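These notes concern the structure reproduced below.
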Amino acid sequence: MSLQDFLANVEEGNLSELELYNYVETATNNFKLEKLELLLKGIEFYIFQRREEFYAENEAKLDEILYQYYITGKEVPYKDITDPNTLKGKGQLDTIRVVDKDKLFSNAIHYQLFSIYELKKFVVAGLRNNDVAKSTNNETKEEELLDYLTEEGKRAMPALLHLYNRVKKKEYALLYIALQELELLTERIRVLGEAKIVSLLTTTFGPQVGGRGNFNRYLNDYRHPDSVMRAEIEHHKQRILDTLKL
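Residue numbers in the sequence shown follow our numbering, run continuously in steps of one, and reach 250 at the last position.
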C-alpha cells in the first residue's frame with residue numbers, strides 16, 4: 005500500500021492509535037531519524053493536498069459564505085502571505101492579501117483531518133526522542149542554529165553572523181520567522197520548544213538574543229502580522245536571500 009493510500013485510510017478513521025503507532029514504528033524502521041523526516045514530509049504534503057481539494061470542492065459554498073458576509077456587513081477575514089512568484093526569485097519579495105478560508109469555514113478541514121494530525125503527533129514524538137537521545141550521547145557538544153539549517157541555509161550562515169551581530173532582541177525573532185518561511189530550517193526544528201530555540205540562537209549569536217519571554221512575545225506578536233509587521237518579515241527574508249546570491 006502506498007503512503008497516499010494509507011493516509012487516505014487513516015483520514016477515514018479506520019485505524020486505532022495503537023495501529024497508527026505501530027505503522028510509524030514499522031515504516032521508519034524503529035523510528036530512524038531520516039525515515040521519520042521523510043514520513044513527516046509525506047504527511048504534510050498530504051495535508052496540503054487535502055486542503056487544496058477541500059476548498060476546490062467547496063468553491064460554491066465559499067462564494068455563498070462571502071455573500072452572507074457582504075449582506076450582513078461582517079468583516080471578511082484576510083491574511084498576508086508571501087507571493088509564491090517572488091519567493092524563489094532574485095527580485096524583491098512581495099506579499100499578497102488573501103481571504104482566510106480556514107476562518108470562513110470554521111477550520112472544518114482541520115477537523116476532517118483529525119486522524120492525520122494524530123498520526124503526525126507520533127512522528128513528531130519520534131523526532132523529539134531522537135533529539136533527546138542525540139543530546140544524551142553527545143553532551144559535550146552544545147547545539148547551535150547551524151545544526152538545524154538546511155544545506156542552503158548553512159551557506160547563508162557566515163553572512164548572517166555578521167548581519168545579526170549585536171542587533172535588537174526583536175531582530176533575532178524576525179530572523180527565525182524568516183528562516184522558517186524560506187524553508188531554510190530542517191524538519192527537526194519543528195519539535196523543539198521555544199526555550200531550546202532561544203538556546204540555539206544564544207549559542208550562535210550571544211546573550212544579546214535575550215530570554216525566552218521576549219522571544220515568545222515577539223513570535224506571538226508576528227503570528228498574525230499586519231501590513232507593517234509583514235513588511236518587516238519580508239525585509240529579513242530578502243536579506244537572507246541576498247546572502248545566498250553572494
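Positions of the beta carbon are idealized from the N, C-alpha and C atoms, including for glycine. Computed from a predicted structure; not experimentally measured.
Could you give the C-beta distance for residue i and residue j, rounded to a whole number, given that I count them as a contact under 8 angstroms?
i    : j    : result
I113 : L186 : About 25 angstroms; that fails the 8 angstroms criterion.
I120 : E15  : 6 angstroms
Y226 : I193 : Not really, about 17 angstroms apart at Cβ, beyond 8 angstroms.
D84  : R234 : 4 angstroms
L44  : E156 : Not confirmed; about 19 angstroms, so no contact.
V28  : L131 : At roughly 11 angstroms, the Cβ-Cβ gap does not stay under 8 angstroms, so V28 and L131 are not in contact.
L108 : I69  : 5 angstroms
I47  : L165 : About 34 angstroms; that fails the 8 angstroms criterion.
Y222 : A163 : Actually they do not touch by this definition, with Cβ atoms about 22 angstroms apart.
R54  : L7   : Contact flag wrong, Cβ pair sits at about 13 angstroms.
Y168 : L179 : 6 angstroms
Going by DSSP, which residues form a beta bridge with residue i?
i    : result
Y82  : V103
L189 : L153
So what's residue i in DSSP terms, helix, strand or just coil?
i    : result
L205 : helix
S231 : helix
N26  : helix
N34  : coil
G95  : For G95, the predicted structure reports a pLDDT of 48, less than 50, and the residue's modelled location is therefore unreliable. A value from the coordinates is still provided. Reduced to three states, the DSSP call for G95 is coil.
K249 : coil
S110 : coil
E16  : coil
E238 : helix
N62  : coil
G46  : helix
G217 : helix
Output needed for residue i: all residues of its chain with C-beta closer than 7 angstroms, excluding positions within five of it in sequence on either side, in chain order.
i    : result
G95  : Residue confidence for G95 is low, a pLDDT of 48 falling below 50, so the modelled location carries little weight; the figure read from the coordinates is stated next. Correct list: empty, nothing qualifies.
N111 : none
R101 : Y82 and D84
L149 : L204, L205 and T208
E79  : none
Skipping 5 residues on each side, what residues in its chain have a beta carbon closer than 8 angstroms to that of residue i?
i    : result
E147 : S139, S203, L204 and T207
N62  : F109
Ordered along the chain, which non-local residues of its own chain (more than five positions away) have a Cβ less than 6 angstroms from that of residue i?
i    : result
Y59  : K105
A160 : I244, T247 and L248
T144 : Its pLDDT being 47, under 50, T144 is placed unreliably by the model, and nothing is read from it.
N218 : K173
### Task
Taking only runs that begin and end inside the segment 142-177, name each unbroken alpha helix (DSSP H) of 4 or more residues, in chain order.
155-167
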